[in-house]
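Chains as they are written, first to last, in the numbering used here: chain A, 195 to 502; chain B, 73 to 368.
Report on one structure; see the data block that follows.
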Amino acid sequence: IFSSGLTEEAWEELEESLIAADVGVDATLELVEGLRARVKEQGITDGAGALALLKEVLRLELGTADRTMARRPEGTTVWLFTGVNGTGKTTSIGKLAKRHVDAGEKVVLAAADTFRAAASEQLEIWGERSGARVIRQDEGADPAAVAFDGWKAATAANADLLMIDTAGRLQNKKELMAELTKVKKVVVREAEHLDEVLLVIDATTGQNGLSQAKAFTEAVEVTGVVLTKLDGTAKGGIVIAIQRALGLPVKLVGLGEGIEDLAEFDPDAFIDALFAEVVQDVELEDFDAELAELVADQQDDQQGDGTA
Amino acid sequence: MFNALQERLDAVFDRFRGSKTLTEEQVGEGLREIRLALLEADVNFKVVKTFVGRIRERSIGAEVSEALNPGQQIIKIVNEELVTILGEQSAPLDLGSASPAVIMMAGLQGAGKTTASGKLAKLLKSKGRQPLLVACDLQRPAAVKQLKVLGERIDVPVYAPKLEGDPVEVAQNAIAEAKRLNCGVVIVDTAGRTNVDEEMMQQAADIKAAVNPVETLFVIDAMIGQEAVNVAKAFQEAVDFTGVILSKLDGDARGGAALSVAEVTGRPIKFASVGEKLDEFEAFHPDRMAGRILGM
Ligand SMILES: Nc1nc2c(ncn2[C@@H]2O[C@H](COP(=O)(O)OP(=O)(O)OP(=O)(O)O)[C@@H](O)[C@H]2O)c(=O)[nH]1
Ligand SMILES: Nc1nc2c(ncn2[C@@H]2O[C@H](COP(=O)(O)OP(=O)(O)OP(=O)(O)O)[C@@H](O)[C@H]2O)c(=O)[nH]1
Ligand SMILES: [K+]
Ligand SMILES: [Mg+2]
Ligand SMILES: [Mg+2]
Numbered sequence: 195i196f197s198s199g200l201t202e203e204a205w206e207e208l209e210e211s212l213i214a215a216d217v218g219v220d221a222t223l224e225l226v227e228g229l230r231a232r233v234k235e236q237g238i239t240d241g242a243g244a245l246a247l248l249k250e251v252l253r254l255e256l257g258t259a260d261r262t263m264a265r266r267p268e269g270t271t272v273w274l275f276t277g278v279n280g281t282g283k284t285t286s287i288g289k290l291a292k293r294h295v296d297a298g299e300k301v302v303l304a305a306a307d308t309f310r311a312a313a314s315e316q317l318e319i320w321g322e323r324s325g326a327r328v329i330r331q332d333e334g335a336d337p338a339a340v341a342f343d344g345w346k347a348a349t350a351a352n353a354d355l356l357m358i359d360t361a362g363r364l365q366n367k368k369e370l371m372a373e374l375t376k377v378k379k380v381v382v383r384e385a386e387h388l389d390e391v392l393l394v395i396d397a398t399t400g401q402n403g404l405s406q407a408k409a410f411t412e413a414v415e416v417t418g419v420v421l422t423k424l425d426g427t428a429k430g431g432i433v434i435a436i437q438r439a440l441g442l443p444v445k446l447v448g449l450g451e452g453i454e455d456l457a458e459f460d461p462d463a464f465i466d467a468l469f470a471e472v473v474q475d476v477e478l479e480d481f482d483a484e485l486a487e488l489v490a491d492q493q494d495d496q497q498g499d500g501t502a
Numbered sequence: 073m074f075n076a077l078q079e080r081l082d083a084v085f086d087r088f089r090g091s092k093t094l095t096e097e098q099v100g101e102g103l104r105e106i107r108l109a110l111l112e113a114d115v116n117f118k119v120v121k122t123f124v125g126r127i128r129e130r131s132i133g134a135e136v137s138e139a140l141n142p143g144q145q146i147i148k149i150v151n152e153e154l155v156t157i158l159g160e161q162s163a164p165l166d167l168g169s170a171s172p173a174v175i176m177m178a179g180l181q182g183a184g185k186t187t188a189s190g191k192l193a194k195l196l197k198s199k200g201r202q203p204l205l206v207a208c209d210l211q212r213p214a215a216v217k218q219l220k221v222l223g224e225r226i227d228v229p230v231y232a233p234k235l236e237g238d239p240v241e242v243a244q245n246a247i248a249e250a251k252r253l254n255c256g257v258v259i260v261d262t263a264g265r266t267n268v269d270e271e272m273m274q275q276a277a278d279i280k281a282a283v284n285p286v287e288t289l290f291v292i293d294a295m296i297g298q299e300a301v302n303v304a305k306a307f308q309e310a311v312d313f314t315g316v317i318l319s320k321l322d323g324d325a326r327g328g329a330a331l332s333v334a335e336v337t338g339r340p341i342k343f344a345s346v347g348e349k350l351d352e353f354e355a356f357h358p359d360r361m362a363g364r365i366l367g368m
């Protein structure tokens, strides 16, 4: 459909591809409306041209943000990891620990998830795998106290990087969100800085992701997003809605359960994957068109043979 | 959020006050709002299409009852249709008469399988059964330990003979262990896996073949978006699950995945997981879910 010109069906298909990627109704309608205007302005008449323009628009939106993880020039950098339950906070910390230990840095991990069964043990295993030191307390301990311990241990050891793991919490739980705010406060008070507050979002997340981003930003001023589980079939389009609404850039992506399965967010690859099916359709249709031409040519030839 | 959809529909139908049947035009305008509401609730767009098509058929020409205005009338039809798909009443666990009766869990990473395993064990124990928890996740760091901690909390034995290696072997030996311990129910926790990981999906099928469960439960996060359909289909293909557990329903997600999954797999949603604590687990209520999806 998309290759045969800018029909209403083509627009609908474009809309659907964004919806199917979890970009969300509002952001999709805004994006497509804006695109319609620009397509008219620029006199674009074919679907492929419109798609290219949409990719360009998204690239500008996603591509200009600063995606580097903030570091201290001196002393211990501190990153705090937050998010709803089961998104990949602990795993992402493990992967990052490996990366920075491999780069010759001294890394400390603080197990401030004292709630979930075996959360500290999980982080300890990541500590062993990566060569980072893990600071923990017993289950049920005050998470702010563990974060505090983590900071003390990190500065005492002259560590380059402290990463603080926190328990997953749903953003509508007031008390748990207040607890997280307290963890942050204690770190800021002791360390006098906090370099990144990362919100870890699962790529399969639907529209609730926007509500997550809003609530966590309110509670702890999120500075960036880690988008995990992109190795699955989900596209993670909700981060487009999040960046549009809150200006939060995706900094890292999770691509598997292995220790190396972490990468910098690549807007181009992300956008291409977003439209992979549409493009496939276009190519398929182009191919069909080519095939049709071929068949028509052959028929012409045969007819020619017959009359000759 | 309260009745936002009803308000939107009322606004649409204000123009049509006084008509006795729903006309095509009226229905069309109402359905636009329904479609948007469902998409905002994360119902898969293809499911929305078939669903809205069905509503259209049922609505056009439908008599407007005296007690309801056209907006309420459409909502009533939508609600009935939603409840039909989600299940007329909550489907109970069906453990049959086999002993031990095996329940197997499956789902994506982080969906809530291990937590739900503990919750089910607690529930069954409270009903006088003797469950055995089996740790077949040898993948995720400290997964075995997590299950052990949960088992300790509810005083239920956990069969966890190894920390790494082949989970199919663990599954195979679990049945004998249950018989030895006189446990009438076996709950098999498995590792999270993505639906495109063929090797891991095959492993799930192999675990299933090894334990021959009476109930295979697919655990899915209520916050999941459009991919719910593909994920559910893939798990149905691999392990042909008998029921669904919708997790993290204590959040504020609208949970459209419930509709997507029920529609494409035809399997009943049996439980709602509503918290991190082991007693935060309940029978799934289709009518409540319908209202939640519609934002009412
Ligand atoms: N496929 C895939 N799985 C991932 C990725 N990141 C994490 N996981 C898996 O997702 C599950 C949850 O990961 P965790 O790191 O425990 O998540 P968490 O946010 O710390 O969870 P809680 O502390 O319980 O809130 C585990 O099974 C991980 O192996 C990823 O990028 N891809
Ligand atoms: N709020 C809330 N949290 C839940 C619920 N069910 C599970 N969780 C949390 O979600 C996270 C993941 O739960 P798990 O039970 O470890 O999930 P899993 O599917 O076993 O994860 P993997 O084994 O890593 O694939 C944990 O933080 C749980 O405490 C629920 O119904 N509500
Ligand atoms: K993907
Ligand atoms: Mg964790
Ligand atoms: Mg588990």
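Using N, Cα and C, we set each Cβ at its ideal position, and we do this for glycine too.
Classified as exposed, S198 (chain B) has fewer than 16 neighbouring CB atoms from the shown chains inside 10 Å of its CB. From the listed residues A:A435, A:K445 and A:H387, the smallest Cα separation to N402 (chain A) is found for A:A435. Residues of the segment 180–203 of chain B with a C-beta atom less than 9 Å from some C-beta of chain A are L180, Q181, G182, A183, G184, T186, T187 and G190, listed in chain order. Taken from the Cβ of R323 (chain A), every heavy atom of ligand 4 lies 8 Å or farther away.
Using a C-beta cut-off of 8 Å, the segment 207–215 of chain B makes contact with the segment 254–264 of chain B, since at least three inter-stretch Cβ pairs fall below that distance. Put simply, the backbone Cα of G363 (chain B) is about 22 Å away from that of D216 (chain A). For S345 (chain B), the distance from the CB to the nearest heavy atom of ligand 1 is not below 8 Å. For the segment 294–311 of chain B, the beta-carbon criterion of a distance under 9 Å to any beta-carbon of chain A is satisfied by A294, M295, I296, G297, Q298, E299, A300, N302, V303 and A306.
Ranked by Cα distance from V268 (chain B), the first of B:A306, B:L318, B:A76 and B:G237 is B:A306. Residue state for T360 (chain A) is assigned as strand, using DSSP reduced to three classes. Using a cutoff of 8 Å, the CB of D425 (chain A) counts as near ligand 3, since one of the ligand's heavy atoms is closer than that. Judged by their CB atoms, A178 (chain B) and V257 (chain B) are not nearer to each other than the 9 Å cut-off. The segment 404–418 of chain A makes contact with the segment 274–281 of chain A: 3 or more CB pairs, one atom from each, lie closer than 8 Å. For the options A:G282, A:D466 and A:K368, the alpha carbon positioned closest to that of K423 (chain A) is the one of A:G282. What V268 (chain B) touches in chain A, judged by beta-carbon distance under 9 Å, is D425, G426 and T427, going in chain order.
In the DSSP assignment, the residues bridged to R327 (chain A) are A:V302. Listed along chain B, no residue sits closer than 8 Å to G277 (chain A) by beta-carbon distance, the nearest being about 10 Å off. In this structure, the C-beta of D359 (chain A) approaches ligand 4 to less than 8 Å from one of its heavy atoms. Exclusion of G182 (chain B) from the 8 Å shell around ligand 3 follows from its C-beta lying no nearer than that to any non-hydrogen atom of the ligand. Its chain contains L421, L424, A457 and F459 as the residues whose beta carbon lies nearer than 6 Å to that of V447 (chain A), once the 5 sequence neighbours on both sides are disregarded; these appear in chain order. DSSP assignment within the segment 423–472 of chain A yields the following whole beta strand (DSSP E) runs of 3 residues or more, N-terminal first: 444–448 and 456–458.
At least 9 Å separates the CB of R266 (chain A) from every CB of chain B. When C-alpha distances from A341 (chain A) are compared across A:K367, A:E268 and A:V377, the shortest belongs to A:V377. If you measure from each CB to the nearest heavy atom of ligand 5, the residues under 7 Å come out as B:K185, B:T186, B:D209, B:R212, B:A215, B:Q218, B:D261, B:A263 and B:G264. Spatial neighbours of G223 (chain B) in its own chain (CB-CB distance under 6 Å, excluding positions within 5 residues in sequence) are listed in chain order as L205 and V230.
Here the C-alpha atom of S162 (chain B) lies approximately 12 Å from the C-alpha atom of R339 (chain B). Collapsing the DSSP output to three states places V416 (chain A) in coil.
From the listed residues A:T239, A:I432, A:I465 and A:V328, the smallest Cα separation to G344 (chain A) is found for A:V328. The beta strand (DSSP E) runs lying completely inside the segment 177–242 of chain B and spanning 3 residues or more are 203–208, given in chain order. With the criterion set as a beta carbon lying under 9 Å from some beta carbon of chain A, the members of the segment 107–119 of chain B are L108, L111, E112, A113, D114, N116, F117 and K118, in sequence order. When secondary structure is reduced to three states using DSSP, L165 (chain B) falls in the coil class, being assigned neither helix nor strand. Assigned with DSSP and collapsed to three states, F342 (chain A) falls in helix. Within the DSSP bridge table, the entry for S137 (chain B) names no partner. Non-local beta-carbon contacts of A277 (chain B) in its own chain, meaning distances under 8 Å to residues more than five positions away in sequence, involve A310 and V311 in chain order.
The C-beta separation of I453 (chain A) from K292 (chain A) comes to about 5 Å, placing the pair in contact by the 8 Å criterion.
With a cut-off of 8 Å, the C-beta of A214 (chain A) is classified as distant from ligand 3, since no heavy atom of the ligand falls inside that distance.
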